[in-house]
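Following my numbering, the numbering of the sequence shown begins with 4 at its first residue and continues without gaps.
Positions of the beta carbon are idealized from the N, C-alpha and C atoms, including for glycine.
Please read the structure below before turning to the comments.
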Amino acid sequence: MTPSASREDGRPRLRADAARNRDQILAAARSAFRELGTAAPLDEIARRAGVNIATLYRRFADRDALIRQVVVDGFTLVLRTVRRALDTSARDPLSAIGEFLLTLVDEREMLVLPLIGGPVTDDPEAATLQREIVAALEELLATARAQGVVRPDATAVDLIATGALSCRPLPHLPVEQASALAARHVRIFLDGLRPDGARPLPPAPTNEDLTVHLHPVKGGDRGNGPSGV
């Protein structure tokens, strides 16, 4: 079996078995990072993926490369989700915002990093994805403001923070109950976005305020412990 020519981004396509191994490793990494933090042993990740450690290193040169890909995959999902919301926002922008947030809740297993903290990679692709997410969310809010259905002081950061909080259920809560509670809180948030009866808010943080701590510190701690994700 030989690889196909290339993907749309110009990178060579993986053979089916190699792609399957890669997907299994990433799924195992998300599981291990959620339970053990980003210092989870790589041999434990390989064990969960059902591959040997040499296979893991063939796909990812080191822990940083694995962390980076988990982060990039999460941001890619968020960007794809907000773009789908934009496609439907002209008809009902507030519902589109709600669908964006509820989809994140449904896909929260993919969003382990940076939700649980840890050393998020200082990677150009991840940074570009973050900027595109913020820009798309601002466009979504602009559509909603133009139709008069969202208060004027709501920002993309408000949507990002609400999505992140909704994806972190209370510890030990069953999945179904956690999803139902998150959906309830999203509905409360959507009502708070409406302009009717809105009261002044404290100053809004910027995206930079939220992301400055995500850049790794040279020689810093390589892993946070598990959290209630």
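Rounded separation between residue i and residue j - CA only
| i | j | result |
| --- | --- | --- |
| residue 214 | residue 153 | 25 angstroms |
| residue 165 | residue 182 | 14 angstroms |
| residue 230 | residue 74 | Because residue 230 carries a pLDDT of 42, less than 50, the predicted location of this residue cannot be relied on, and no value is offered for it. |
| residue 234 | residue 191 | Residue 234 lies beyond the range of the chain shown here (4 to 232); nothing can be said about it. |
| residue 1 | residue 194 | An answer regarding residue 1 cannot be provided, because it is not within the stretch 4 to 232 covered by the chain. |
| residue 60 | residue 127 | 22 angstroms |
| residue 178 | residue 172 | 9 angstroms |
| residue 176 | residue 39 | 18 angstroms |
| residue 48 | residue 212 | 32 angstroms |
| residue 26 | residue 46 | 16 angstroms |
| residue 210 | residue 119 | 18 angstroms |
| residue 95 | residue 199 | 17 angstroms |
From the options, residue whose alpha carbon lies closest to that of residue i
| i | options | result |
| --- | --- | --- |
| residue 167 | 109, 151, 147 | 109 |
| residue 100 | 142, 79, 70, 177 | 142 |
| residue 80 | 104, 62, 27 | 104 |
| residue 84 | 39, 29, 107, 27 | 107 |
| residue 158 | 94, 206, 56 | 206 |
Cβ shell of residue i (< 8 angstroms), same chain only, five flanking positions each side left out
| i | result |
| --- | --- |
| residue 68 | none |
| residue 86 | 139 |
| residue 82 | 132, 135, 136, 139 |
| residue 23 | none |
| residue 97 | 147, 152, 153, 193, 196, 197 |
| residue 186 | 105, 108 |
Contacts around residue i, its chain only, beta-carbon distance under 6 angstroms, and the 5 residues preceding and following it disregarded
| i | result |
| --- | --- |
| residue 114 | 77, 170 |
| residue 204 | 156 |
| residue 58 | 24 |
| residue 163 | none |
Same chain only: Cβ atoms within 7 angstroms of residue i, ignoring 5 sequence neighbours per side
| i | result |
| --- | --- |
| residue 208 | 160 |
| residue 34 | 51 |
| residue 88 | 99, 100, 102, 103, 143 |
Assumed close pair residue i, residue j - CB separation to whole angstroms, cut-off 8 angstroms
| i | j | result |
| --- | --- | --- |
| residue 3 | residue 146 | Residue 3 lies beyond the range of the chain shown here (4 to 232); nothing can be said about it. |
| residue 202 | residue 129 | Not a contact, Cβ separation roughly 36 angstroms. |
| residue 31 | residue 51 | 4 angstroms |
Would you mind listing the alpha helix (DSSP H) stretches within the region 55-114 that are 4+ residues and don't spill past its ends, in chain order?
56-62, 66-91, 96-109
Curious, which full-length beta strand (DSSP E) runs of at least 3 residues does the region 107-194 contain?
none
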